[in-house]
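Reminder that position 163 of the sequence shown reads as 145 in our numbering, one-by-one numbering, no gaps.
We put the beta carbon where it would ideally sit given N, CA and C, even for glycine.
Keep in mind it's a predicted model, so treat the numbers as computed, not measured.
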Amino acid sequence: MVMFKKNILNYLFRPNDEMDSVLSSQPYWSILWAALFGVTFLGTQVFVMNGGERYAFPEFFIEILYKGPIIGILFCGIYGTTVFLLAKLIRGEGSYLATLTSYAWSTLIYSGRLLLVPLQLLLFGGDMFSKVTVASDGSFILITIYILVVIVDILLLGWFIRTVVLNTMEIHEFRWWQSLLIHFLSISMVWWTSLKGLNILFFPV
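What follows is the structure, encoded as structure tokens:
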């Protein structure tokens, strides 16, 4: 277990060096990471849609906890499949399972946002899901903390995108621009299909 934790830490900072360990890991780890991603993803969507102003708290927070894992596993499957198919069109070398596994593991960084949730709930309560955080009005300290949380959030998103691109480069033996293009096309396709077909903003931001 100690070695496994060390592998996870190494993966977060040097994903390509730990790719063999990631691909040989038990499938339930990928499922767990995808489930955590779903909770993070759904919480982000509630914020984007200003859910704190539209829905009652904590009911929608509880809904995030039980719907999120299903959505996360579903999204990782759909997105990973899209990446794999597009990669094969330009002669990608990676397997389908490797593509799904590497993407699920990369979401660990995205799910790092969950570490901020206890602090946000403590300071802002249900307002943390509102674009206008009422609890921060008039308080310099709360406004400063809110801005710092947003900055950390943006850094995690950039780190996540970097890891996803590096993983695809490693698995499919692509150059960086090929990997970036694959993910740009994949997320655009998933976003457009979900928005037009299901009227859902299925976009990990």
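Around the beta-carbon of Ile153, 16 or more other beta-carbon atoms lie within 10 Å, marking it buried. Secondary structure at Pro40: coil, using DSSP grouped into helix, strand and coil. Pairing Leu90 with Trp15 gives a Cβ-Cβ distance under 8 Å.
A buried status is given to Pro51, since no fewer than 16 other beta-carbon atoms sit within 10 Å of its beta-carbon. Across the structure, Leu67 and Leu47 are spaced so that their CA atoms are roughly 31 Å apart. In this structure, the straight-line span from the alpha carbon of Thr150 to that of Phe156 is close to 7 Å.
Rounded to the nearest whole angstrom, the C-alpha separation of Leu124 and Val28 is 21 Å. Across the structure, Ser3 and Asn(-11) are spaced so that their CA atoms are roughly 7 Å apart. Judged by DSSP in its simplified three-state form, Phe156 adopts coil rather than helix or strand. Distance from the CA atom of Arg144 to the CA atom of Trp87, rounded to whole angstroms, is 13 Å. In the three-state scheme derived from DSSP, where H, G and I count as helix and E and B as strand, Gly74 is classed as coil.
Under the DSSP assignment, Asp(-1) falls outside any alpha helix (DSSP H); it carries neither an H nor an E label. In the DSSP assignment, Leu104 falls within the unbroken alpha helix (DSSP H) covering 99 to 106. Relative to the Cα of Val147, the nearest Cα in the group Val65, Lys49, Gly59 belongs to Val65.
Residue burial annotation: Arg95 is buried, with at least 16 other C-beta atoms found within 10 angstroms of its C-beta.
Distance between Ile129 and Glu75, taken at the CA atoms: about 42 Å. Rounded to whole angstroms, Asp135 and Arg73 show a C-alpha spacing of 34 Å. Residue environment analysis places Leu137 among the exposed positions, since fewer than 16 neighbouring C-beta atoms fall within 10 angstroms of its C-beta. By alpha-carbon distance to Leu79, the top candidate from Gly59, Ser168, Thr126, Glu41 is Gly59. Ser12 carries a helical assignment under DSSP once its states are collapsed to helix, strand and coil.
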